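Beneath this line is the structure, given in structure tokens, with notes to follow.
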Amino acid sequence: TSSQQYGDSLRRQNKLVAEWLDSHPNYLLDDLTYKDLGLSAFNGAHAVHGAFSEFMEAVQGGYIPHGTVLLVESLDRLSREKIGEAT
-5 TSSQQYGDSL RRQNKLVAEW LDSHPNYLLD DLTYKDLGLS AFNGAHAVHG AFSEFMEAVQ
55 GGYIPHGTVL LVESLDRLSR EKIGEAT
């Protein structure tokens, strides 16, 4: 939401990415990143519109190389839908 833009999520997530990369030196952060700032995973809109949907299309289209890692802070960041709908 617009009020969440002033929170700490982006800084915290960037810190977690940096820590993960430090502990996995064989991986590099791609210049192309996908960010759904302020787009809720509650009702699945992010899977239809926005960066997550673009990422999924790129995976399905073969544009994301095999072995690429998608970092997700917590599964509830990926979806808050029922498991069948989220899958």
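Using the numbering used here, you'd call the opening residue of the sequence shown number -5 and step up by one each time. Heads up, the beta-carbon is just placed ideally off N, CA and C, and yes, glycines get one too. A quick note: this is a predicted structure, and the numbers were derived from the prediction, not measured.
In its own chain, which residues sit with a C-beta less than 7 angstroms from the C-beta of residue i, not counting the 5 before and 5 after it?
i	result
L15	Y21 and L23
Compare the beta carbon distance of residue i and residue j with 8 angstroms and say whether it is the shorter of the two.
i	j	result
L10	E67	yes
F46	Y57	no
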